[in-house]
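Asker: Per the numbering used here, the sequence shown starts with residue 3, numbered consecutively.
Here a beta-carbon is modelled for each residue, glycine too, at the ideal position from N, C-alpha and C.
The structure presented is a predicted model; accordingly, all values stated were derived computationally and were not measured.
Okay, handing you the structure first.
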Amino acid sequence: MSSSAVAPTPIRSIFSLPEGSHVVVRGWVYRKRVLKNKAFLVIRDSTGIIQSVFTDELAAEASKLNIESALYVSGVTKREERAPGGIELHVDKILWEFVGEQFPINEDAANADSELLLDLRHLWVRSRRMQAVLKIRSTVFAAVHDYFRSNGFYEVHAPTFISAAVEGGSTLFKVNYFNNDIVYLTQSAQFYLEALIYSLEKVYTIAPSFRAEQSRTRRHLTEFWHAEMEVAWAGLRDVMAVGEGVISHTINEVLQNNLEELSVIGRKTEYLERVKPPFPMVSYDEALELLRNKGINLKWGDDIGADEERALTLQFDKPIHLHHFPEVVKAFYHKNDPQRPETTLSVDILAPEGYGEVVGGGERIENYNELVEKIRRFGLDPSSYGWYLDLRRFGSVQHAGFGLGMDRLVMWICGLDHVRDALPFPRDMRRIRP
């Protein structure tokens with residue numbers, strides 16, 4: 003029988019039906035236990051799992067099904083407190099089946115070597131853990147879109163191929179283009195979003211970015227998903243408000259929609275429940291003092307790296323605005339603070355629990371001459387930024403924006419140890435397959 007001949011009931015919906023309901027279920031074998039005249043298969047679909055009981059001839063047939071075999075069955079629901087969710091399905095007919103080969107990932111895979119699970123990522127995405135992470139990730143992306151659209155932003159799209167770097171060329175992927183030209187994979191859509199604010203005023207995009215960083219930390223990927231926004235007539239405080247707004251809204255959506263998935267991955271929600279505006283404000287100078295109190299001594303002008311971010315965020319129970327970085331540690335396009343020119347009107351939002359930076363942004367330089375001078379001061383060639391400089395020649399206004407690392411946000415919300423576990427098929431300096 004074709005697997006589409008009878009309309010199935012999503013597994014999640016079965017648990018709200020009266021006991022004794024006759025239903026059709028389709029899915030994959032998640033767990034299997036065979037006794038003398040009885041077989042117990044836990045069947046999963048995208049909505050949940052249900053224990054299914056096969057007896058007599060059906061048990062013999064079910065015993066042939068390996069883990070991750072596909073099947074389509076009908077049966078009657080019965081209450082069984084020992085079963086997941088307190089309900090099991092007593093199967094009366096196997097409508098269709100596909101007997102899969104021996105599955106290469108066993109039930110103890112969560113404790114398996116991480117490299118093995120990365121090699122088998124195309125199969126590991128079927129696991130309950132990865133399924134839960136991917137559902138939370140889906141909520142996160144939907145929530146970020148929803149926040150921006152609900153607050154008057156227009157979604158826009160920028161090119162992936164670019165001719166010049168946003169922040170210099172050392173971490174760019176080169177691509178051979180037509181007529182022997184060299185182009186690069188984008189690091190950021192920021193410049194294009196800055197162009198679009200003069201048309202739409204408030205813009206955002208969610209797209210992949212690429213950075214050829216020789217980094218093997220738990221927070222870095224060579225391809226990552228980037229939510230970026232730019233706003234005309236806005237300054238540093240506006241960026242902070244949007245940043246804490248989008249993060250708070252996103253976490254609220256996850257708490258409203260994904261408590262079951264958070265439970266599956268063992269994520270406690272105490273920290274997430276505290277994430278509400280306003281976030282604590284910590285200046286760069288204050289951060290150095292807080293770190294000194296923990297025995298970490300940085301000189302003024304040193305960057306605050308991952309280890310320092312961890313030490314800093316462990317002192318707070320929700321995200322913080324780390325603001326007013328020195329000019330020397332921020333990109334050339336950040337506007338300097340007129341009251342203290344050695345600092346910039348910049349901000350990073352750091353997630354608590356040691357997760358660190360998830361947002362980086364600030365106010366942009368809107369003055370043509372000021373921007374040219376700063377580009378040169380950073381040892382870069384203004385001619386490489388011709389069209390970007392043009393934006394300051396024709397009706398330039400105060401504006402600001404930020405970039406939000408979507409994978410890092412998912413990593414923190416899920417309480418994961420490594421950012422590569424926050425997306426289905428990660429890319430880093432060592433891995434491009436599967």
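#1: Under three-state DSSP, which class holds M3?
#2: What three-state label does DSSP hand Y206 in the structure shown?
#3: Please identify the residue among A72, V284, V399 and I16 whose C-alpha is closest to the C-alpha of G237.
#4: Report the rounded CA-to-CA distance for S217 versus S201, giving the unit in angstroms.
#5: For T271, name the three-state secondary structure that DSSP assigns.
#6: Does the distance from the CB of R213 to the CB of T173 come in under 7 Å?
#7: If you count every other CB in all the chains shown that lies within 10 Å of the CB of Y149, and 16 or more means buried, which is it?
#8: Mind checking which residues open and close the alpha helix (DSSP H) that includes G247?
#9: By how many angstroms is the C-alpha of S190 removed from the C-alpha of V25?
#10: Can you give me the start and stop residues for the beta strand (DSSP E) that N178 sits inside?
#11: Taking all protein chains shown into account, do 16 or more other C-beta atoms lie within 10 angstroms of the C-beta of M3, making it buried, or fewer, making it exposed?
#12: CA-CA distance, P328 and S152?
#13: With burial defined as no fewer than 16 other Cβ atoms inside 10 Å of the residue's Cβ, what is the status of A313: buried or exposed?
#14: Just the C-alpha distance for E203 and G154, rounded to the nearest angstrom, thanks.
#15: Assuming E344 contacts D350 (C-beta within less than 8 Å), just tell me the rounded distance between them.
#16: Once you ignore the five residues that flank R378 on each side, which residues in its own chain have a CB closer than 7 Å to its CB?
#17: Pull the bridge partners of I367 from the DSSP assignment, please.
#18: Classify K270 as buried or exposed, calling it buried when 16 or more other Cβ atoms lie within 10 Å of its own Cβ.
#19: What do you reckon, are the CB atoms on L292 and L300 nearer than 7 Å?
#20: Give the range of the alpha helix (DSSP H) segment to which W389 is assigned.
#21: Is the stretch 410 to 418 in contact with the stretch 243 to 261, if contact means three or more CB pairs nearer than 8 Å?
#22: Given this structure, state the Cα-to-Cα distance separating M132 from L73, to the nearest angstrom.
#23: Is K337 buried or exposed, if buried means 16 or more other CB atoms sit within 10 Å of its CB?
#24: Measure the CB-CB distance between P280 and F318 and report whether it falls below 7 Å.
#25: With 16 as the cutoff for other CB atoms within 10 Å, does M231 come out buried or exposed?
#26: Tell me the residue span of the alpha helix (DSSP H) that contains Y406.
#27: Would the stretch 101 to 108 count as touching the stretch 63 to 72 if we require 3 or more Cβ pairs under 8 Å?
#28: If you check the beta carbons only, do E21 and T57 fall under 7 Å apart?
#29: What's the gap between the Cα of T224 and the Cα of P210?
#30: Determine the burial state of W302: buried for a count of at least 16 other Cβ atoms within 10 Å of its Cβ, exposed for fewer.
#31: Specify the secondary structure class of H336 as computed by DSSP and reduced to three states.
#32: Spatial neighbours of E246 within its chain, please: CB distance less than 8 Å, with the 5 preceding and 5 following residues excluded, ordered by chain position.
#33: Tell me whether R440 is buried or exposed, calling it buried when 16 or more other Cβ atoms sit within 10 Å of its Cβ.
#34: Let's test the definition: count the other Cβ atoms within 10 Å of the Cβ of F478 and tell me whether it reaches 16, buried, or not, exposed.
#35: Measuring straight from C-alpha to C-alpha, what distance separates I16 and P86?
Answerer: Based on what the coordinates show:
#1: Residue placement at M3 cannot be trusted, given a pLDDT of 46 that sits under 50; what the coordinates show is reported in the next sentence. Correct three-state label for M3: coil.
#2: In the structure shown, Y206 sits in a strand (DSSP, three-state: E or B).
#3: Considering only A72, V284, V399 and I16, the residue with the shortest C-alpha distance to G237 is V399.
#4: Distance between the alpha carbons of S217 and S201: 37 Å.
#5: Three-state DSSP puts T271 in coil, outside helix and strand.
#6: Against a cut-off of 7 Å, the Cβ pair of T173 and R213 comes out as a contact.
#7: So Y149 counts as buried.
#8: L238 to N259 is the span of the alpha helix (DSSP H), which, as asked, contains G247.
#9: Whole-angstrom Cα-Cα distance: 50 Å.
#10: N178 -> beta strand (DSSP E) spans K176 to N178.
#11: The predicted position of M3 is uncertain, since its pLDDT is 46 and thus under 50; no value can be drawn from it.
#12: In this model, P328 and S152 are separated by some 34 Å (Cα to Cα).
#13: It counts as buried.
#14: Using only the alpha carbons, I get a separation of about 9 Å.
#15: Not confirmed; about 18 Å, so no contact.
#16: Contacts found: P384.
#17: Its beta-bridge partners do not exist; DSSP assigns none.
#18: Exposed is the call here.
#19: With a cutoff of 7 Å on beta-carbon distance, L292 and L300 are scored as not near each other.
#20: Its alpha helix (DSSP H) spans residues G388 to D392.
#21: Flag = yes, the stretch 410 to 418 and the stretch 243 to 261 touch.
#22: Between M132 and L73, the C-alpha separation is close to 21 Å.
#23: The C-beta of K337 has 16 or more other C-beta atoms within 10 Å across all chains shown, which makes the residue buried.
#24: Contact flag unset, no.
#25: With 16 or more Cβ atoms within 10 Å of its Cβ, M231 is classed as buried.
#26: Here residue 406 turns out to be Leu, not Tyr, going by the sequence shown. First-last for L406: H401 to G407, but that is the beta strand (DSSP E), not the alpha helix (DSSP H).
#27: Yes: at least three Cβ pairs fall under 8 Å.
#28: The answer is no: Cβ separation not under 7 Å.
#29: So the alpha carbons of these two residues sit roughly 10 Å apart.
#30: With fewer than 16 Cβ atoms within 10 Å of its Cβ, W302 is classed as exposed.
#31: Strand at H336.
#32: Sequence-distant partners of E246 (beyond 5 residues in either direction) whose C-beta falls short of 8 Å from its own C-beta, in its chain, are P279, P280, F281, P321, H323 and I351.
#33: Nothing about residue 440 can be reported from this structure: the residues present for the chain run from 3 to 436 only.
#34: What is shown of the chain runs 3 to 436, which leaves residue 478 out entirely.
#35: As the crow flies, the alpha-carbon of I16 is around 12 Å from that of P86.
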